[in-house]
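Written below as structure tokens is the structure these notes are about.
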Amino acid sequence: METSAKKHSSIFLSIYILVSGLLWIAYFILTFSTPLTEASNKFNLTLFSRTLLQISIILPIFIAWFASFYATIGLKKYTDLIIVSEDGKAVRLIGVGISVLIFGLVLSLVAGSLRGYILAYYTEYLKLFVIINNYITVAVPLVSYWLIFKGSYKLALTVTDKKFIKSNRFFPICITLVLSAVYIVSLFLNPIRQSSPYPGTPATYYLSDLWILLTICIPYIIGWFLGVFSICNLKIFTKKTTGFIYKKSFKRFNLGITIIVGFSIMMQILSSFSVSFRNISFDWILVIVYIIIAILVAGYLILASGVNKLKDIEIV
Amino acid sequence: METYNQTIKIATDYLGPAAERFIARQVAAHLKKNPKDLTKEDLLKLTEWLRISISLLTEDQKMVDECIGRIQSLAV
Numbered sequence: 001m002e003t004s005a006k007k008h009s010s011i012f013l014s015i016y017i018l019v020s021g022l023l024w025i026a027y028f029i030l031t032f033s034t035p036l037t038e039a040s041n042k043f044n045l046t047l048f049s050r051t052l053l054q055i056s057i058i059l060p061i062f063i064a065w066f067a068s069f070y071a072t073i074g075l076k077k078y079t080d081l082i083i084v085s086e087d088g089k090a091v092r093l094i095g096v097g098i099s100v101l102i103f104g105l106v107l108s109l110v111a112g113s114l115r116g117y118i119l120a121y122y123t124e125y126l127k128l129f130v131i132i133n134n135y136i137t138v139a140v141p142l143v144s145y146w147l148i149f150k151g152s153y154k155l156a157l158t159v160t161d162k163k164f165i166k167s168n169r170f171f172p173i174c175i176t177l178v179l180s181a182v183y184i185v186s187l188f189l190n191p192i193r194q195s196s197p198y199p200g201t202p203a204t205y206y207l208s209d210l211w212i213l214l215t216i217c218i219p220y221i222i223g224w225f226l227g228v229f230s231i232c233n234l235k236i237f238t239k240k241t242t243g244f245i246y247k248k249s250f251k252r253f254n255l256g257i258t259i260i261v262g263f264s265i266m267m268q269i270l271s272s273f274s275v276s277f278r279n280i281s282f283d284w285i286l287v288i289v290y291i292i293i294a295i296l297v298a299g300y301l302i303l304a305s306g307v308n309k310l311k312d313i314e315i316v
Numbered sequence: 317m318e319t320y321n322q323t324i325k326i327a328t329d330y331l332g333p334a335a336e337r338f339i340a341r342q343v344a345a346h347l348k349k350n351p352k353d354l355t356k357e358d359l360l361k362l363t364e365w366l367r368i369s370i371s372l373l374t375e376d377q378k379m380v381d382e383c384i385g386r387i388q389s390l391a392v
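So the protein lines, in turn, are chains A and B.
Using our numbering, the letters of the first sequence map in sequence onto residues 1 to 316.
Using our numbering, the letters of the second sequence map in sequence onto residues 317 to 392.
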């Protein structure tokens, strides 16, 4: 059973790395071959300055991507060592959830590059592209949060009971409700949610308000609840688990997951303000992009460091 | 079996959920025996290996000494 589980996870990891690698290559090719049109060049950049800019963004993104893979492979190796135990099964679910989240990130990068192409050559497909892209952006993190939640809940149950876990949810529920309210208000204040008067800027959703609420808003909010509960479950486990050495290593693992999930939720909320970013200067947009990438890299490196420390306990 | 369980109980204070796997691995690898057959007579040799292994996981030598001392006390 142990060998079969290890074999399955190895096959999964191989396919995952292969598909992600292909997506990365697609992102690279699409980014550098996207035509410079009037509509897609809001900042009046020359071809040379745009290429330099793309390199300055692609390189840190590649570092973030590499860091995320380093963490994922470390997680896989760690779960292979403890796969038959209760904590092993739980950590495995968290690992798969993190892999799905990273996969979603790569997909959104490819979609971002593809958008430039569609704006230049295939404007008739723009509406369809926006709708599909929005649903992918909703669905992939939702699956990821669900897996991380299942794993973290299982882990928390190894140290406490359901009643205690539920009694610790009041504060996270309040935070998520406030975030959800801010998100819903900003989303429905977005003047280009159904159609856009700006050339080169597509509408955000191309859907009716009811449809946006039911198929975008609500799944997002469910995902945030799952994400926030996951952070909460991991905090409970970190606090209640025994073992000075284990606890110290797990704290780092927990911090990494908290940064990654928390940051992913914040990014989704911030994306609802993207229309407001239209008036921000180009320099500030770049600063924001670099900060986002730096936080992502930090989260994945902290996670990888925690996983390596936990792995050491299992191989010494 | 009793010695093995008591050893795990002490190790859990330091290694949490990883304690059972850790002790089973040390017994199997260094004493070449089934972990459940661990006896009080094995503890002295086992703690020699445990000192080395746990020292690789933490720099807190005081904690290592404390853990080894508690496991050695089971032999008495």
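Note that beta-carbon positions come from the ideal geometry of N, C-alpha and C, so glycine has one too.
Predicted model only: the values in this text are computed from it and were never measured.
Determine the DSSP secondary structure at residue i, reduced to helix, strand or coil.
| i | result |
| --- | --- |
| A:Met318 | As shown, chain A starts at 1 and ends at 316. That puts residue 318 of chain A outside it, with no answer to give. |
| A:Phe273 | coil |
| B:Met379 | helix |
| A:Gln194 | coil |
| A:Lys309 | helix |
| B:Leu360 | helix |
| B:Ser460 | For chain B, the structure presents residues 317 to 392; residue 460 of chain B sits outside this window and is missing. |
| A:Thr206 | The sequence shown places Tyr at residue 206 of chain A, not Thr. In the structure shown, A:Tyr206 sits in coil (DSSP, three-state: anything other than H, G, I, E or B). |
| A:Gly200 | coil |
| A:Lys239 | helix |
| A:Asn279 | helix |
| A:Thr34 | coil |
| A:Thr258 | helix |
| A:Asn233 | helix |
| A:Lys7 | helix |
| A:Thr176 | helix |
| B:Lys442 | Absent from the structure is residue 442 of chain B, since the part of chain B shown begins at 317 and ends at 392. |
| A:Val316 | coil |
If you follow the alpha helix (DSSP H) that residue i is part of, which residue opens it and which one closes it?
| i | result |
| --- | --- |
| A:Cys217 | That residue, A:Cys217, is in no alpha helix (DSSP H); it is neither H nor E in DSSP. |
| A:Arg169 | Careful: A:Arg169 lies outside any alpha helix (DSSP H) and carries neither H nor E. |
| A:Thr72 | Leu47 to Ile82 |
| B:Leu354 | Neither: B:Leu354 is in no alpha helix (DSSP H) and is coded neither H nor E. |
| A:Leu119 | Glu86 to Tyr121 |
| A:Lys150 | Leu126 to Leu157 |
| B:Thr323 | Glu318 to Leu331 |
| B:Ala335 | Ala335 to Gln342 |
So, under 8 Å CB-CB, residue i and residue j are touching, yes? Tell me the CB distance rounded to an integer number of Å.
| i | j | result |
| --- | --- | --- |
| A:Ile118 | A:Leu107 | Not confirmed; about 16 Å, so no contact. |
| A:Tyr145 | A:Ser230 | 7 Å |
| A:Phe250 | A:Thr242 | Actually they do not touch by this definition, with Cβ atoms about 11 Å apart. |
| A:Gly200 | A:Gly256 | With a Cβ gap of about 38 Å, A:Gly200 and A:Gly256 do not count as contacting. |
| A:Phe237 | A:Leu155 | 5 Å |
| A:Ile98 | A:Ile260 | 7 Å |
| A:Ser272 | A:Tyr183 | 5 Å |
Considering only the alpha carbon of each residue, which of the options lies closest to residue i?
| i | options | result |
| --- | --- | --- |
| A:Ala181 | A:Ile57, A:Leu213 and A:Lys76 | A:Leu213 |
| A:Leu93 | A:Lys247, A:Gly151, A:Asn233 and A:Leu187 | A:Gly151 |
| B:Asn321 | B:Cys383, B:Ser389, B:Lys361 and B:Pro351 | B:Pro351 |
| B:Glu364 | B:Glu375, B:Thr355 and B:Gly385 | B:Gly385 |
| A:Asp283 | A:Ala26, A:Leu18 and A:Leu53 | A:Leu53 |
| A:Val91 | A:Val130, A:Ser113, A:Tyr153 and A:Leu270 | A:Tyr153 |
| A:Ser195 | A:Leu207, A:Ser186 and A:Thr258 | A:Leu207 |
| A:Tyr205 | A:Val289, A:Ile132, A:Arg169 and A:Tyr145 | A:Ile132 |
| A:Trp224 | A:Tyr70, A:Ile173 and A:Asn254 | A:Ile173 |
| A:Thr258 | A:Asn233, A:Asn279, A:Tyr70 and A:Ala67 | A:Asn233 |
| B:Pro333 | A:Lys247, A:Ile293 and A:Ser14 | A:Lys247 |
| A:Met267 | A:Ser281, A:Phe253 and A:Gly227 | A:Gly227 |
| B:Glu318 | B:Tyr330, B:Ile339, B:Thr355 and B:Lys349 | B:Thr355 |
| A:Gly74 | A:Leu47, A:Ile260, A:Asp312 and A:Ala304 | A:Ala304 |
| A:Gly317 | A:Ile175, A:Ile29 and A:Ile165 | Since the displayed chain A opens at 1 and closes at 316, residue 317 of chain A lies outside it and no answer follows. |
| B:Leu390 | B:Lys361, B:Ala345, B:Ile370 and B:His346 | B:Lys361 |
| B:Leu366 | B:Asp329, B:Ile339, B:Lys325 and B:Lys348 | B:Ile339 |
| A:Gly104 | A:Ile29, A:Trp24, A:Lys166 and A:Phe28 | A:Trp24 |
State yes or no: is the C-beta of residue i nearer than 7 Å to some heavy atom of the ligand GTP?
| i | result |
| --- | --- |
| A:Lys7 | Absence of the ligand GTP is noted for the structure shown, with no ligands found whatsoever. |
key: Interface positions of the region 317-341 of chain B facing chain A (Cβ-Cβ less than 9 Å), listed along the chain   = Ala327, Thr328, Asp329, Tyr330, Leu331, Gly332, Pro333, Ala334, Ala335, Glu336, Arg337, Phe338 and Arg341
ask   = Going along the region 230-252 of chain A in order, which residues come within less than 9 Å of chain B, judged by CB to CB distance?
value = Under the 9 Å Cβ criterion, the region 230-252 of chain A contributes Thr241, Thr242, Gly243, Phe244, Ile245, Tyr246, Lys247, Lys248, Ser249 and Phe250.
ask   = the region 371-383 of chain B: which residues have C-beta closer than 7 Å to a C-beta of chain A, in chain order?
value = Leu372, Leu373, Thr374 and Met379
inquiry  = Please identify, using Cβ separations under 8 Å, the residues of the region 275-305 of chain A that lie next to chain B, in order along the chain.
reply    = Sequence-ordered contacts of the region 275-305 of chain A with chain B are nonexistent [C-beta pairs closer than 8 Å].
message = At a CB distance below 9 Å, what residues from the region 61-85 of chain A approach chain B? Give them in sequence order.
response = Leu81, Ile82 and Ser85
Proximal residues, the region 144-160 of chain A versus chain B, C-beta separation under 8 Å = Thr158
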